[in-house]
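Report on the structure given below.
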Amino acid sequence: MPSLTHSALVAIVTFLVLQSVNARPEYNCTFKAKTDSTVSSRTCEVMADRANIYLHDFLNWNPSVRGDCSNILPNTEYCLEAEEKLVESKDGFCGPQHGNASCLGFEYPDGTIAECCNSRTWKCGGTLEDCQEGICYSDSCNGLPDFYSLDGKCGKQHDNKQCGGVWGNCCNMEGQCGKGPDFCSIGKCQSGAACDVVKQYIVNNLNLTSAPPVGWGIGNTTDGTCGGEKAYTCNSVYGNCKQSAS
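Mind the numbering: the sequence shown is residues 683 to 928 in the numbering used here, read in order.
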């Protein structure tokens, strides 16, 4: 058997190093739903549609399922919502070069708050440059879609901002983002993809015979109206809108 050349060895070592550096993140599942008694290779796609998530997220959160969905099981719970396990930076380094460490909550010894991971240096920083779009890799980056909350405040009290990421996926009636029963339970959740009323819709509609209503889980209406000058869209909290917003 011929020996490996130096360049081949370098390539293999480089590949193995990159594999370890860019290890798949781990997730904590926060919501599961059970498959129907009849499944097919389309079941993964259907479940992702019902939960309003990307198919690749479904597969990441359910690593036992093959990419072609050929081994999905009937009457079995699968994860439809998950949070990435946060690895906090201990030394000021971050990102895929450093085990996907996060800068959230990181503070330098001199008291400097540094909650942005700079993709050029892979260090935690707190300057405008560190946090600006195109440079900031993760955490408290600027340049997020302007309908997302950057400070944990949301809903009709705060320009209809939506919740996501570190703030949680539920906006409570007081206009605060969060997670858990105090934010997501029926009667307490103002909006958000993780509201219990949304999850209940998912559980009740996991079948293969009907398509989900367009945009049912991501509408931005605050009063049940839609369209018109405000261009509100509907969600499962308010149901299917029948009246135009003025």
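Note that the Cβ used here is the ideal one computed from N, Cα and C, for glycine as well.
Only a predicted model underlies this, so the values are computations on that prediction, with no experimental measurement involved.
Best match in the options for proximity to residue i [C-alpha to C-alpha]
i	options	result
G850	K861, D750, D841, G807	K861
C798	E770, Y736, C726	E770
A796	A730, T803, T809, V728	T809
E727	V747, T712, F713, C711	V747
D1000	K805, C836, Q858	The requested residue 1000 is not part of the displayed model; the chain covers only 683 to 928.
R724	H738, Y709, C711, D750	D750
E759	G777, C711, I817, P791	C711
Y790	D773, E708, L737	D773
G837	L768, G874, T794, P863	G874
C785	G807, Q779, I868, A876	G807
Residue(s) in a DSSP beta bridge with residue i
i	result
E759	K716
Q779	Q779 pairs with nothing; no bridge assigned.
G807	C798
Y736	Paired residues: none, contrary to the question.
S784	E770
C651	The question about residue 651 has no answer, for the chain in this structure spans 683 to 928.
D821	C798
E789	I795
N710	E765
S932	Look at the range of the chain in this structure, 683 to 928, and you will see that residue 932 is not part of it.
C814	Contrary to the premise, residue 814 reads as Gln rather than Cys in this sequence. Q814 pairs with nothing; no bridge assigned.
Q844	Y830
K835	Q858
Close beta carbons around residue i, own chain, < 7 Å, minus the five adjacent residues each side
i	result
F775	A783, W804, K805
M855	K870, Q872
G781	V769
T794	G808
D792	none
Cβ separation of residue i and residue j, assumed to be a contact under 8 Å, to the nearest whole Å
i	j	result
G857	Q844	12 Å between Cβ atoms; not a contact.
Same chain, Cβ closer than 8 Å to residue i, five either side skipped, listed in chain order
i	result
G787	E770, E797
S801	G777, I817, C818, Y819
M729	A715, T717, F740, Y760, L762, L888
R864	The sequence shown places Asp at residue 864, rather than the Arg named in the question. Within the same chain, D864 has close Cβ partners N854, K870.
Y736	A730
Residues near residue i in its chain [Cβ-Cβ closer than 6 Å; skip 5 each side]
i	result
V721	I754, P756
Q814	N824
E708	K767
D812	C798, N800
C866	C852, A876, C877, D878
Original post:
Between the stretch 751-760 and the stretch 717-731, do three or more beta carbon pairs fall short of 8 Å?
Top reply: yes
Subject >> the stretch 733-748 contacting the stretch 759-773, beta-carbon criterion three pairs below 8 Å >> reply: yes
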